[in-house]
Amino acid sequence: MQKFSFDDAVEKITGQDDRYSAGGYNFLREALDFTISTLGAARHDPKAKGHVDGSQLLDGFRRLALERFGPMAVTVLNEWGIRCTGDVGEMVFNLIDAEVFGKTDSDTREDFVGVYDFHEAFEQPFLPRQQARGPSQ
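Residue numbers (the numbering used here): 10 to 146.
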């Protein structure tokens with residue numbers, strides 16, 4: 010099978026599956042790089058450029074989205090078609106199928122389903138304290 014550059018692969022993927030935009034795939038690639046570098050720094054291991062699992066990638070994805078987009082994170086992600094953690098998994102596996110991302114035998118789409126709620130992850134950190142906790146009891 011012919012290998013494509015990332016941009017070529019994304020163009021092919023979005024031509025066949027328009028649920029997610031090219032911007033979303035580019036952000037996902039940045040989130041993967043961010044996650045790998047963060048894990049490497051946390052481990053003090055410059056060789057930590059290996060595999061990350063679904064929960065690690067989703068944590069890096071969340072952290073980078075909050076850092077980059079702040080309270081607009083959900084709006085930006087929704088614009089790209091990304092509405093839940095399962096969507097991130099679908100995108101990852103589209104990139105795996107295109108041979109852009111790799112995987113281990115234990116990696117599955119289910120690793121990405123329901124990991125966190127987008128409202129709690131991306132909106133709640135910016136709500137006033139009372140509203141973030143819910144109604145007083």
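We treat Cβ as the ideally placed atom computed from N, Cα and C, and that holds for glycine.
Residue i vs residue j beta-carbon contact at 8 Å
i	j	result
THR94	VAL122	yes
THR44	LEU75	no
ARG72	TYR125	no
GLY98	ASP120	yes
GLY90	GLY33	yes
PHE102	ARG92	no
THR23	SER30	yes
With 16 other Cβ atoms within 10 Å as the buried cut-off, status of residue i
i	result
LEU86	buried
PHE131	buried
ALA40	buried
ASP116	buried
GLY63	buried
ALA18	buried
LYS56	Residue placement at LYS56 is poorly supported in this model, since its pLDDT is 49, which falls under 50; the coordinates are not used for a value here.
VAL109	buried
HIS128	exposed
ASP54	With a pLDDT of 49 at ASP54, under the threshold of 50, the predicted position of this residue should be treated as unreliable, and no value is reported.
Residue i versus the options, residue with shortest Cα-Cα distance
i	options	result
ASP16	LEU104, PHE127 and ARG138	LEU104
PHE135	ASP114, LEU48 and ALA82	ALA82
ARG28	ASP68, VAL61, ASP96 and HIS60	ASP96
GLY69	ASP42, ARG118 and PHE78	ASP42
PHE36	ILE22, ARG77 and LYS112	ARG77
PRO137	ILE22, VAL61 and PRO80	PRO80
ASP26	LYS112, ASP106 and GLY111	ASP106
VAL61	LYS112, MET100 and GLU88	LYS112
LYS21	MET100, PHE127 and THR47	MET100
First through last residue of the alpha helix (DSSP H) which encompasses residue i
i	result
MET81	MET81 -> no alpha helix (DSSP H), and no H or E assigned at all.
VAL97	94–106
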